[in-house]
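For reference, the structure discussed in these notes is given below.
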Amino acid sequence: MKEIIGGKNFTAEQTRKIEEIARETGLLRETAELLFSRGLTGAESVKEFLTPDKRRLHDPFLLSGMQAAAERIYEAREAGEPVLIFGDYDADGISAASILYKAFTEYGLETYAVVPERENGYGLNTDIVAKYAEEVYMGLVVTVDCGISDAEKVEFIKEELGVDVIVTDHHEIPETLPDCIVINPKLAGQAYPFDGLCGAGVAFKLASALLGERAEKYIDIAALATVADSMSLTGENRTIVHEGLKKLRAAPRSAYKRLLAAAGSKEITAQTLAFTLAPRINAAGRMGDAASALRLFLTEDESEIFDLSVKLNAYNIERQAECDKLYKLAKEKINEEGAYGNVIMLKGDDWRTGFIGIVAARLVEEYARPVIMFAGANGFYKGSARSLPDVNIFEAISACKDLLMEFGGHSQAAGVAVSKENFDAFYKAVDAYLGEHCPPEAFIPKVQVDGWCEEPLSMRFAEELDLLEPCGVGNRRPLFAARAGALDAAPLKEGSPHVSFSLPACEMLYFGGAKSLEFLNLPIEKYVVFEPSVSVFNKQKRLRGIVREMLFGYTAGAELEGEIFSRQLASLSAKESEYAAVDTAGAIALAEESLKTRYGTAFIVSDPANEEKFPCLAGVQRCLFRPSEGNLSNVVVIGGGEALEGFRRVIYMDKPPRAVACGRETYVNTELSGRGLFSGVSVDRDAFKEIFVLLRSLSGKKFTKAVDFYRENRVQCNQRQFLFALEVFGELGIFVCRNGVLSQDVSVKSELKNSAVYRRAERVLGDD
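Residue numbers (the working numbering): 1018 to 1785.
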């Protein structure tokens, strides 16, 4: 199960500061607590955070190299030198190139802009620069969102082409800097107070150095890039995005309007930038046509803007289809090959490099492990790695660099190239490194919340949370957690995939929750992670919690016996799996061996009363009926064995009524009975006759599920006997559920032994 982290206890001194913040800002204490927990520990810092203002944008000339860059660009203008802007093929690089193209043109320069295609590789491309040098005789190249790691290429451009270079970038500083003017907020020893700008943010600062306040017209482009490049929405980035969104709402440029229209989107928020605009711009680069995205930003022709926006939207649809296709192929490989190590590595000779990173990130979410996906590339594999927050995949890859052709990146994402001959050795080396250097808790997915909420939320508090916008990376939307037991959850309407239920905090809306409806209403522990949301309908405000995570725990209790017994009854009609029989000592030995690795084994305890007999499983997560996560981590499943496809090993720690779950290897402890819930159940005809009479009296009653039917009608007989008889009568067609009510089909006459469930239960009771 995912781990919920967050929510703080405050010292007396911290409490005093929180009360002071609330008093001086007029905020609720709860809001002040949340902001304090996020590092805003004084009233002034809170006020500044809640009121972003372009007047707080930093002086661009505090950036090292900015003065020299401005002077060199001035010289180019005075000498009539053409200038080439060289960008990157993603949304940040395209945005950065468009900002400088527009700013340089306004400044009076003859300007050209180019971005490479993905097939050209990342970074400066000397062939492209040489082509422009020959055609337009430019004297200066300005890089955006790239170049900081291209010292050799910069030297070639200077010495062989006779062209000066200015590098503007925001990526990590390498050991060797290019020998040219460099602007990068991460450079050490400079006076600039913020190092988190994206590539377009740096370009915006250069535009500001040249144009002053006139450059503010480009802040919306910088805002888009800041969100698209997953930069932290704190510090100067918060101001850039806040001001950019204001401009977008007041007077969106045609390119944005057309893209939003093509996507069918009207609202403009940080989420719009992240999930509507950015994917369409990035899709062009992924489809090998980044030039069209750049052209969309540069052209003033409305007809061309329309055509290009339609093209980018089509690219995005195609990109989504390609990613879905690749995801399915990746899942097939995982099912075929298994995924039981500390890292998942997949390769496909015909996979496309533009999509492997997206799918790798999706698989990280699903399997809670680093994922590296490789595409074939001229005799070697080119890969894209993604990781969990607490697992540094770059360090793991760096430790194996002797096996690689090249690599680069950071803790959460990296690019890597490996020869086909070294692929298997690289996998083993990374897996071993992670096993040695990363503790088990690093692989547990975590959900960050701002607090636990067991009391009613106020409308004012929910509205004050909106003051945190724009939200995103580094300033996420506030989330809260609440504990729950059995919920009275119900679909919003008949057939709806969405459900609602109430908690003390507020009413909850769970999109897609219908698939978990049965578990929502079971008396098992739950942790609801939700986002407060205020909506307005017919001028009436409504506060609801939008469920973002629903985590299921398990606590053994008599109230679950009926549920477990019903599942075991249903299993009697299923096909039994092939398995190897072991005794209790053998099952324990298998368990201890399996627990040497973190993944791949499901331990099934059919009878909850047997749990305490296996102390070796004490630290393993427990779930009812099926794993709560699909990441194949070791799990103890109580009372059943559903959804265990993909597990390398399934071990029944006690003998079930019927072993229906199967892994690549399946073992059953035939020495210890797991059929305890069948004790006291009779196959005697008189017992069935008694239940028959009872069911006939209940015909016409609302029926959803057997256990609920028993409880709701306060049936006065043994619960398990009732459930057994109802299962048999249902199989025979004597009592059926029609239109949500229990009905007797008086035309059906049948012997009990005609029921497969009855016959198999007879054998179960006979065996025991």
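Every residue gets a Cβ at the ideal spot worked out from N, C-alpha and C, and that includes glycine.
Only residues of its own chain outside the window of five on either side were considered, and among them T1143 have a CB closer than 7 Å to the CB of F1173, listed in chain order.
For S1115 against F1323, the beta-carbon gap comes to about 18 Å, at or over 8 Å, which does not count as contact. In its chain, beyond the 5 residues on either side, L1178, V1180 have a beta carbon closer than 7 Å to the beta carbon of A1150.
By the Cβ-count criterion, K1345 is exposed, with fewer than 16 other Cβ atoms from all chains shown falling within 10 Å of its own Cβ. No Cβ-Cβ contact shorter than 7 Å links E1542 with L1496. Here DSSP, grouped into helix, strand and coil, assigns M1083 to helix. As DSSP reads the structure, Q1465 sits in a beta bridge with I1022. The DSSP-derived three-state label of I1751 is coil. Measuring C-alpha to C-alpha distances from K1770 to each of R1559, A1742, Y1384, V1758 identifies A1742 as the nearest. DSSP, reduced to helix, strand and coil, places E1744 within a helical segment of the structure shown. When Cβ pairs closer than 8 Å are counted between the two stretches, the stretch 1376-1384 is seen to touch the stretch 1396-1407, the count reaching three or more. Of the candidates N1409, K1510, I1236, the residue whose Cα lies closest to the Cα of E1453 is N1409. Cβ neighbours of D1318 within its own chain (closer than 8 Å, five residues either side excluded): none. The secondary-structure analysis by DSSP pairs K1719 across a beta bridge with V1758. Here K1592 carries a coil assignment [DSSP, helix/strand/coil]. Taking the Cα positions, N1254 is about 16 Å away from L1057. Three or more beta-carbon pairs separated by less than 8 Å link the stretch 1072-1085 to the stretch 1188-1204, which places the two stretches in contact. Taken through DSSP and simplified to helix, strand or coil, K1203 comes out as coil. Excluding its 5 nearest sequence neighbours in each direction, Y1596 has C-beta neighbours in its own chain below 7 Å: A1676, T1683, Y1684, V1685, listed in chain order.
Taking each of F1752, I1668, R1728 in turn and checking the Cα distance to F1705, the smallest one comes out for F1752.
Within the same chain, and ignoring the five residues on either side of L1689 in sequence, the residues whose Cβ sits closer than 6 Å to its Cβ are T1601, D1671. If one requires a minimum length of 4 residues, the alpha helix (DSSP H) runs lying completely within the stretch 1470-1548 are 1476-1482, 1534-1537, in chain order. By a beta-carbon distance limit of 8 Å, L1343 contacts F1372. Their separation comes to about 5 Å. In this structure, I1461 sits away from E1047, with a CB-CB distance that is not shorter than 7 Å.
With contacts defined as CB atoms closer than 7 Å, A1503 and P1540 qualify as a contacting pair. The alpha-carbon of F1053 is positioned some 14 Å away from that of A1029.
For the 7 Å CB-CB criterion, A1240 and G1216 do not form a contact. Counted as a single uninterrupted DSSP element, the stretch harbouring C1679 is not any alpha helix (DSSP H), since DSSP gives it neither H nor E. In the structure shown, C1640 falls within a strand segment according to DSSP collapsed to helix, strand and coil.
Boundaries of the alpha helix (DSSP H) harbouring Y1775: 1773-1784, taken from the DSSP string. Less than 7 Å divides the Cβ of W1368 from the Cβ of A1392.
Under the criterion of beta carbons closer than 8 Å, E1134 and G1305 qualify as touching, at roughly 5 Å. With fewer than 16 other beta carbons inside 10 angstroms of its own, Q1733 counts as exposed.
G1281 has its alpha-carbon roughly 23 Å from the corresponding atom of D1246.
G1468 and G1023 do touch by the CB rule: their CB atoms are close to 7 Å apart, below 8 Å. Here Q1429 carries a coil assignment [DSSP, helix/strand/coil].
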